[in-house]
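In UniProt numbering, the protein residues as written are 1 to 520.
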Amino acid sequence: MNFSATFRGNFVPLSQCSSCCDLRFQPYFASGTCSWQKRHRRRSSLKLHQVSRFLRKREVVCRVSETETEPPPDSNNDEEKQGHENEDGDSDAVHLASQPIVADQVNNDAETKAQQVLSEVENVEVSSGSPLPGVKPQLGESIRIPKETIDILKNQVFGFDTFFVTGQDPYETGVLFKGNLRGVPAKSYEKISRRMQDKFGDEYKLFLLVNPEDDQPVAVVVPQRTLQPESTAIPEWFAAGAFGLVTLFTLLLQNVPELQSNFLSAFDNPELLKNGLPGALVTAAVLGVHELGHVLVANSTGVVLGVPYFIPSWQIGSFGTITRIVNIVPKRESLLKVAVAGPLAGFSLGFVLLLLGFFLPPSDGIGVVVDASVFHESFLIGGTAKLLLGEALKEGTPISLNPLLLWAWAGLVINAINSIPAGELDGGRISFAIWGRKAATRITGASIALLGLSSLVSDVAFYWVVLIFFLQRGPIAPLYEEITDPDDKYVGLGVLVLFLGLLVCLPYPFPFVDEILTSF
């Protein structure tokens, strides 16, 4: 987010009104001084009248007085006497040559006054055409906030008890007010919003943000009609359904080893897909609980979510979902609650299923035979396996597992990669809600860089960093009030989610040998 001090291209274009701006005199062909002065006064009066019409409702008096265009009386008398005494053509030439000097003085004075008048146009109304991030303006219509409205906002809506305005700048589709925030930010925002509602109804909306240039609070007021949600060319439910079917297919493929080398053979032998149905359902259950957690908390906090798009993956079955936030979130704590709810629900169910996979024997007595080294891929899973399996877990030793363990593991991995603090992922929204916009932007850059390095050795990391960069890198749309920090208990939950995601993604570095066990 850039709070630029100058948006000159967004003002009413003054250069198009050449008749108002250009007050330079044209070449004249006059035989006498009097006729030139009359024509000059008429031309100046006409152009300054056009300037006053350009200012519309604001009444500006800007005339070039006749005393400024006429020479002083004494000089006129002297010139007349010189004209009677010198009848030759040289005196006439000298007299005509002296007139442009007076004309230049009048021209400069007129231009100076006209520039002063035109410079006040910037204060009359502010217009712009760029929306706030994540919202879309009405097209084909210039959005303007009149100066009268700005004065009411400065003098009657804001105040010493809430936000003392010291300056203003055009910003996006509205006006940015700089000043000093008074009192508790949340209470000040409520007072200002209530006053704005009393004065203008729902015509304008208030954002209380942090200026990234100096980390000082700023207030942004934009017209309500510019805050329209973005529309898509394809109906959301249709596109989401198509993505969901492809994701279900990739989940089935992930749980059928025979099809992973040649997935096209699934069309020749559809019966093989049935073998992957239990694993696909378990992983889909973890994803479903994840999304259900988002929906339930969003409904209780006034956050409106769009249709979830399930993202297919050939490596792990699915990368999770992309869910847009349709409306404007009230505050950072609301965003934190919604962002935390999904991963917490997914991690909870996934870990319970993981424990069941460790404790329950395989239904066929054999299960899935894997090498013990597979547990090095996750610090959380490897540590849990070492704690529960004990001496049975040794390097280079095959071990029989309930497939439920692997299915739950896949669900935990999907939750973990969505908890990476980057962009508009759940982890990115959590970091934004806890530490603010500037810190979240830096964390996003660091996370993408680390994923880029990880992609050199991991296909999952490569596809995930590409997905984040093109679809989920942000920025997160502004909240109505971004200054108030969330409650500590929600901050603790957010940090827990980030920590669990890190434990799932980091490898387990310790070897599985007897000496490590006995040292415990």
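Idealized CB from N, CA, C, for every residue including glycine.
Under the three-state reduction of DSSP, which class applies to Ile192: helix, strand or coil? Ile192 falls in the helix class under three-state DSSP.
Under the assumption that Glu481 contacts Pro278 (Cβ atoms under 8 angstroms), give the Cβ distance between them as a whole number of angstroms. So it is not a contact: roughly 47 angstroms between Cβ atoms.
Quick check on Asn418: buried or exposed, where buried means 16 or more other Cβ atoms within 10 Å of its Cβ? So Asn418 ends up on the buried side.
Which of the three DSSP states is assigned to Asn211 in this structure? Strand at Asn211.
What's the gap between the Cα of Ala372 and the Cα of Ala416? For Ala372 and Ala416, the distance between alpha carbons rounds to 22 angstroms.
Pairwise C-alpha distance: Gln254 and Leu404: Their backbone Cα atoms lie some 14 angstroms apart in a straight line.
If you drop the 5 nearest sequence neighbours on each side, which residues of the same chain put their C-beta closer than 6 angstroms to that of Pro133? With a pLDDT of only 43 at Pro133, under 50, the local geometry of the prediction cannot be trusted, and the value read off the model is given with reservation. Cβ within range, chain order: Pro475 and Ala477.
DSSP three-state label for Tyr480, please. Coil at Tyr480, not helix or strand.
Would you mind reading off the limits of the alpha helix (DSSP H) that contains Gln472? Note, Gln472: premise wrong, no alpha helix (DSSP H); not H, not E.
Same chain only: Cβ atoms within 6 angstroms of Ile420, ignoring 5 sequence neighbours per side: So the list reads Gly427 and Ser447, once near-sequence residues are dropped.
Contacts around Val369, its chain only, beta-carbon distance under 6 angstroms, and the 5 residues preceding and following it disregarded: Cβ neighbours of Val369 beyond the five flanking positions: Pro398 and Ser400.
Going by the CB atoms, is the gap between Leu206 and Ala219 shorter than 8 angstroms? For Ala219 and Leu206, yes; Cβs fall inside 8 angstroms.
What residue range does the alpha helix (DSSP H) around Asp202 cover? From DSSP, Asp202 is part of no alpha helix (DSSP H); its letter is neither H nor E.
What does the Cβ neighbour count give for Ile145, buried or exposed, with the cut at 16 atoms within 10 Å? Burial of Ile145 is indicated by the presence of at least 16 other C-beta atoms within 10 angstroms of its C-beta.
With a threshold of 8 angstroms, are at least 3 pairs of Cβ atoms found where one atom belongs to the stretch 311 to 322 and the other to the stretch 373 to 383? The stretch 311 to 322 makes no contact with the stretch 373 to 383; the number of CB pairs closer than 8 angstroms stays below 3.
Own chain residues within Cβ distance below 6 angstroms of Leu425, not counting five before or after: Hits under 6 angstroms: Asn418 and Gln472.
Pairing CB atoms from the stretch 358 to 365 with CB atoms from the stretch 298 to 309, are three or more of them under 8 angstroms? In this structure the stretch 358 to 365 does not touch the stretch 298 to 309; the number of beta carbon pairs closer than 8 angstroms is below three.
Under a three-way DSSP split, which group does Val221 fall into? Look at Val221 here: in three-state DSSP terms it is strand.
Measuring CA to CA, which of Leu406, Val495 and Leu456 is closest to Leu251? If we check each option's Cα against that of Leu251, Leu406 comes out closest.
Could you have a look at Gln315 and say whether DSSP puts it in helix, strand or coil? In the displayed model, Gln315 falls within coil according to three-state DSSP, outside both helix and strand.
C-beta atoms of Val210 and Arg437 nearer than 8 angstroms: The Cβ atoms of Val210 and Arg437 sit closer than 8 angstroms to each other.
Looking only at its chain, what residues have a beta carbon closer than 8 angstroms to the beta carbon of Pro511, apart from the 5 residues adjacent to it on each side? Around Pro511, the same chain offers Glu395 as residues with beta carbons nearer than 8 angstroms, after the five sequence neighbours per side are excluded.
My parser needs the beta strand (DSSP E) runs of 3 or more residues fully inside the stretch 299 to 384; what are they? With a minimum length of 3 residues, the continuous beta strand (DSSP E) runs that stay inside the stretch 299 to 384 are 309 to 313, 317 to 322 and 368 to 371.
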